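If you read the sequences in order, they're chains A and B.
Residue 3 is where the first sequence starts when you use the numbering used here, and the numbers rise one by one after that.
Residue -15 is where the second sequence starts when you use the numbering used here, and the numbers rise one by one after that.
Ideal Cβ positions, reconstructed from N, Cα and C, are used throughout, including at glycine.
Note that this is a predicted model, so its numbers are computed, not measured.
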Amino acid sequence: MSGIVSIDQQIAMMADKWPAFEVIRREGASATWRGPLRPLLQTFSVEISYRAPSVIGLLDNRRLQPRVRILSPRLRPRRGDPEGQLPHVYYVGDSPLDVVLCMFDPDSDEWSPLMTIAETTVPWAIDWITSYEGWRATGTWTGGGKHLEKPVLAGE
Amino acid sequence: MAIDATISTRGTDNEYDLDIVAELDIPEWMTPNEALDLLEEALKGYPLEVVRQTRCITLRYADRMHLDITPSRRLATPKERESVIFHAKKGEPTHKHKSVAMNAWAFAEWYRRQTPTEERFALALNKRLYAADGMDFAADADVHEVPEQTPLIIKSVTTAGLQLIKRLRNVLYANASGRIPPSVMLSCHAGHAASPGMSLSAMVIRQARWTARAIDAAASRGHLLDVRNPEWHEDCFTDRWPENQAQQTEFARSLHDLANGLEAIKNGDVQLEDLQNWLRDYFGERVVTRSLDTFNERTGRAIRSSSQRYTPSGGLFVPAAPAIIGVASTISPVAARSHTNMGERR
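Structure, rendered in structure tokens:
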């Protein structure tokens, strides 16, 4: 696709590629999906919220990016782990479990509103959950990535 | 060994039991004790520990490998390799010594016919086995083109499943001192249960149920399990185990538990972390830890190099060979693409 992918296009693409995901909220250029992902042997209920911008302008990807939460089963933090109690997340509330997944470098061109959630966010969430399960089981996060020491999820 | 299903021994990861039959040109009148004496004498002076057993002589190697050499005498019967082996337990009265029918060669041939090479599985599995030892063969090699130094060790899902069943048995009996369910009996059931094209988990369930149900059937009639060489009825694989009902029903229960657990895992929801605890009970701590570490490294490597694939239900898998990638890419809803996990560390 060329140009900003509209929310209608995002919804259509999600329905085509990941039909198990349902739109549970739709308001203007915003949509929220819920659906199951089973990367290994556990089904995770995942929620993705996104607002398609009308113009990219000077907004950066931190503000624009889809927000991905794991609804169930509850994520299991591990205190004192060198990767952090939950690796590769942004903390968006007071609870240590109130997190959204952080799956791309907002300073790179890995993701932009020109891309579809179906082809980026969903497969990356599968990668994240796979890495998370491996980390919980073995203590080693093998899915790669970088850590930021300061919160960067703008707007929070 | 003739069916390539050798695994490490009871409860350990680096001890191996190998069995060979030594066909001796000895007269019919030689007693079982004399036949075993003869082989033991011949092995004296061998620079290893030589241990006389009831039916064989064991050589213990420094690297913890055991080699059991069973003397045999070929019979003058029309069928190839029909033989007897010798049973002479130390301390038992000689009237209890006996010759026992055996045709391991014919059984191995039968097993091979029952378990034809499954090319895609064999290439994928052996590539991984060799990779663990730092050896590679071309991922796109045809099954017939695998070079001599990397022969296919495991050729079928049946044999891989048999190895796991034997592994389970070894873990179950790691601290037992008596006889354990014999490998040849499990191999025979595996040969009967063989069904090329099955998944490995389905095959393990099938073999576990096969043996468990055979025991259940025998027990319901008040009998002990009786498994015979399909190539020679006189050759009884269960003449020393089970010795009683309790032994066989305990093993059957463990096999049913394994099958029930695997079915629940396949059909239900379980996290890798919880799965590993269950697996450790059945297959041993070290091997499960190592397998999960390897699995985690492999999936991570695939994610980092964007070589993973997805299923429409949100599953992730790592293609093992180009042939499988060809199949996979037709069902993968989207292609993998590179991304960098970020986030804050707390």
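Cα-Cα separation between residue i and residue j, rounded to whole angstroms
| i | j | result |
| --- | --- | --- |
| alanine 123(B) | leucine 109(B) | Model confidence at alanine 123(B) stands at a pLDDT of 48, short of 50, so the residue's coordinates are unreliable; what they give is reported in the following sentence. Distance between the alpha carbons of alanine 123(B) and leucine 109(B): 11 Å. |
| methionine 86(B) | methionine 169(B) | 13 Å |
| tryptophan 159(A) | lysine 148(A) | With chain A represented from 3 up to 158, any question about residue 159(A) goes unanswered, as that position is not in the structure. |
| phenylalanine 70(B) | histidine 79(B) | 13 Å |
| tyrosine 157(B) | isoleucine 4(B) | 23 Å |
| alanine 46(B) | arginine 36(B) | 18 Å |
| proline 29(B) | leucine 43(B) | Note that residue 29(B) is glycine in the sequence shown, not proline. Rounded to whole angstroms, glycine 29(B) to leucine 43(B) spans 12 Å at the Cα level. |
| aspartate 83(A) | valine 34(B) | 51 Å |
| serine 171(B) | aspartate 277(B) | 29 Å |
| valine 81(A) | glycine 146(A) | The residue asked about is misnamed: residue 81(A) is arginine in this sequence, not valine. So the two alpha carbons sit approximately 20 Å from each other. |
| arginine 1(A) | threonine 99(B) | No information on residue 1(A) is available, as it lies outside the stretch 3 to 158 that chain A covers here. |
| asparagine -2(B) | arginine 48(B) | Residue placement at asparagine -2(B) cannot be trusted, given a pLDDT of 48 that sits under 50; the coordinates are not used to answer. |
| proline 16(B) | lysine 73(B) | 10 Å |
| arginine 289(B) | serine 322(B) | It is worth fixing the name first, because residue 289(B) is serine in this sequence and not arginine. In a straight line, the C-alpha of serine 289(B) is about 7 Å away from that of serine 322(B). |
| isoleucine 149(B) | arginine 330(B) | 44 Å |
| serine 275(B) | serine 185(B) | 15 Å |
| proline 62(B) | glycine 245(B) | 47 Å |
| leucine 73(A) | tyrosine 95(B) | 50 Å |
| glycine 162(B) | glutamine 147(B) | 21 Å |
| valine 332(B) | arginine 65(B) | Examination of residue 332(B) is not possible in this model, given that chain B is present from -15 through 330 alone. |
| proline 68(A) | cysteine 104(A) | 10 Å |
| valine 318(B) | tyrosine 294(B) | 7 Å |
| leucine 23(B) | alanine 174(B) | 32 Å |
| threonine 101(B) | alanine 248(B) | 29 Å |
| histidine 50(B) | aspartate 1(B) | 5 Å |
| alanine 17(A) | glutamate 24(A) | 8 Å |
| alanine 90(B) | leucine 32(B) | 31 Å |
| lysine 139(B) | glycine 145(B) | 11 Å |
| glutamine 191(B) | proline 165(B) | 14 Å |
| alanine 106(B) | threonine 142(B) | 11 Å |
| arginine 104(B) | serine 291(B) | 19 Å |
Residues that DSSP places opposite residue i in a beta bridge
| i | result |
| --- | --- |
| cysteine 220(B) | Arg212(B) |
| alanine 85(B) | Val68(B) |
| isoleucine 4(B) | Ile53(B) |
| tryptophan 126(A) | Answer is none; tryptophan 126(A) lacks a bridge partner. |
| glycine 37(A) | Val48(A) |
| threonine 42(B) | Val35(B) and Asp52(B) |
| serine 74(A) | Ser47(A) |
| phenylalanine 279(B) | DSSP, once it has assigned bridges, lists no residue as partnering phenylalanine 279(B). |
| arginine 53(A) | Ser32(A) |
| leucine 150(A) | Glu328(B) |
| glutamate 24(A) | Arg36(A) |
| arginine 2(A) | Because chain A here runs from 3 to 158, residue 2(A) falls outside it and cannot be looked at. |
| valine 102(A) | Tyr92(A) |
| tyrosine 294(B) | Leu300(B) |
| arginine 58(B) | Ser67(B) |
Given residue i as reference, the closest of the options once Cα atoms are compared
| i | options | result |
| --- | --- | --- |
| valine 84(B) | Gly75(B), Arg285(B), Thr38(B) and Ala319(B) | Thr38(B) |
| arginine 78(A) | Gly145(A), Ala139(A) and Val57(A) | Ala139(A) |
| leucine 9(B) | Leu20(B), Arg57(B) and Ser322(B) | In the sequence under discussion, the amino acid at residue 9(B) is aspartate, which differs from the leucine named in the question. Among Leu20(B), Arg57(B) and Ser322(B), the Cα nearest to that of aspartate 9(B) belongs to Arg57(B). |
| tyrosine 266(B) | Asp277(B), Arg193(B) and Ala243(B) | Ala243(B) |
| threonine 54(B) | Thr61(B), Cys40(B), Asn251(B) and Glu66(B) | Cys40(B) |
| leucine 43(A) | Pro75(A), Val101(A) and Gly86(A) | Pro75(A) |
| serine 316(B) | Thr144(A), Trp20(A), Arg36(A) and Val70(A) | Trp20(A) |
| isoleucine 199(B) | Gln292(B), Arg224(B), Gln229(B) and Asp223(B) | Gln229(B) |
| proline 38(A) | Pro98(A), Glu121(A) and Ile131(A) | Ile131(A) |
| alanine 92(B) | His207(B), Met326(B) and Ser167(B) | Ser167(B) |
| leucine 150(A) | Glu135(A), Thr34(A) and Pro89(A) | Pro89(A) |
| leucine 263(B) | Val302(B), Val155(B), Ala19(B) and Lys111(B) | Val155(B) |
| glutamate 328(B) | Val102(A), Ala22(A), Gly141(A) and Thr142(A) | Val102(A) |
Neighbour flag for residue i against chain E, beta carbons, 8 Å
| i | result |
| --- | --- |
| valine 70(A) | Note that chain E does not occur in the displayed structure, where the protein chains are A and B. |
*Should the segment 4 to 12 of chain A be called in touch with the segment 107 to 121 of chain A, which here means at least 3 C-beta pairs below 8 Å?*
Yes: at least three Cβ pairs fall under 8 Å.
*So, do the segment 101 to 114 of chain A and the segment 61 to 68 of chain A have three or more beta carbon pairs nearer to each other than 8 Å?*
The segment 101 to 114 of chain A, when compared against the segment 61 to 68 of chain A, does touch it at the 8 Å Cβ threshold.
*the segment 190 to 224 of chain B: positions lying closer than 9 Å to chain A by Cβ*: Listed by position along the chain: nothing, the set is empty.
_Can you confirm whether the segment 90 to 98 of chain A touches the segment 40 to 47 of chain A when touching is taken to mean that 3 or more C-beta pairs between the two stretches lie within less than 8 Å?_
No: the two stretches stay apart, fewer than three of their Cβ pairs being nearer than 8 Å.
*asked:* Check whether the segment 283 to 296 of chain B and the segment 247 to 260 of chain B touch, using three or more Cβ-Cβ pairs below 8 Å as the test.
replied: At 8 Å Cβ cutoff, the stretches do not touch.
*Taking contact to mean at least 3 C-beta pairs separated by less than 8 Å, is the segment 180 to 189 of chain B in contact with the segment 206 to 218 of chain B?*
The segment 180 to 189 of chain B makes no contact with the segment 206 to 218 of chain B; the number of CB pairs closer than 8 Å stays below 3.
*Taking any Cβ of chain B, which residues in the segment 129 to 150 of chain A have a Cβ under 7 Å from it, in chain order?*
So the close ones are Asp129, Trp130, Thr132, Ser133, Glu135, Gly136, Arg138, Ala139, Thr140, Thr142, Thr144, Gly145, Gly146, Gly147, Lys148, His149 and Leu150.
*Decide yes or no for the touch test of the segment 224 to 243 of chain B against the segment 23 to 37 of chain A: beta carbon pairs closer than 8 Å, at least 3 of them.*
Too few Cβ pairs lie closer than 8 Å, so no.
*asked:* Across the segment 286 to 302 of chain B and the segment 120 to 130 of chain A, are there enough close Cβ pairs to call them in contact, namely three or more that are closer than 8 Å?
replied: Yes, the segment 286 to 302 of chain B touches the segment 120 to 130 of chain A.
*Quick one, which residues of the segment 244 to 259 of chain B are near chain A if we go by CB-CB under 7 Å, in chain order?*
So the close ones are Ile249, Asp253, Val254, Gln255, Leu256, Glu257 and Leu259.
_Members of the segment 35 to 57 of chain A that neighbour chain B once the beta carbon cut-off is set at 7 Å_ = Taking 7 Å as the Cβ-Cβ cut-off against chain B, the residues of the segment 35 to 57 of chain A that qualify are Pro38, Leu39, Arg40, Pro41, Leu42, Leu43, Gln44 and Thr45.
*asked:* Give me the subset of the segment 21 to 35 of chain A whose CB atoms are less than 8 Å from a CB atom of chain B, sorted by chain position.
replied: Contact annotation: in the segment 21 to 35 of chain A, residues whose CB is within less than 8 Å of a CB in chain B are Pro21 and Ala22.
*the segment 279 to 296 of chain B: which residues have C-beta closer than 8 Å to a C-beta of chain A, in chain order?*
Contacts with chain A (Cβ-Cβ distance below 8 Å) from the segment 279 to 296 of chain B involve Phe279, Asn280, Glu281, Thr283, Gly284, Arg285, Ile287, Arg288, Gln292, Tyr294 and Pro296, listed in chain order.
*With 7 Å as the limit, tell me which residues of the segment 95 to 107 of chain A have their beta carbon closer than that to any beta carbon of chain B; keep them in chain order.*
Cβ contacts with chain B come from Cys104, Met105, Phe106 and Asp107.
*Taking only beta carbons into account, state which residues of the segment 262 to 274 of chain B come closer than 7 Å to chain A, listed in chain order.*
From the segment 262 to 274 of chain B, no residue has a Cβ closer than 7 Å to chain A.
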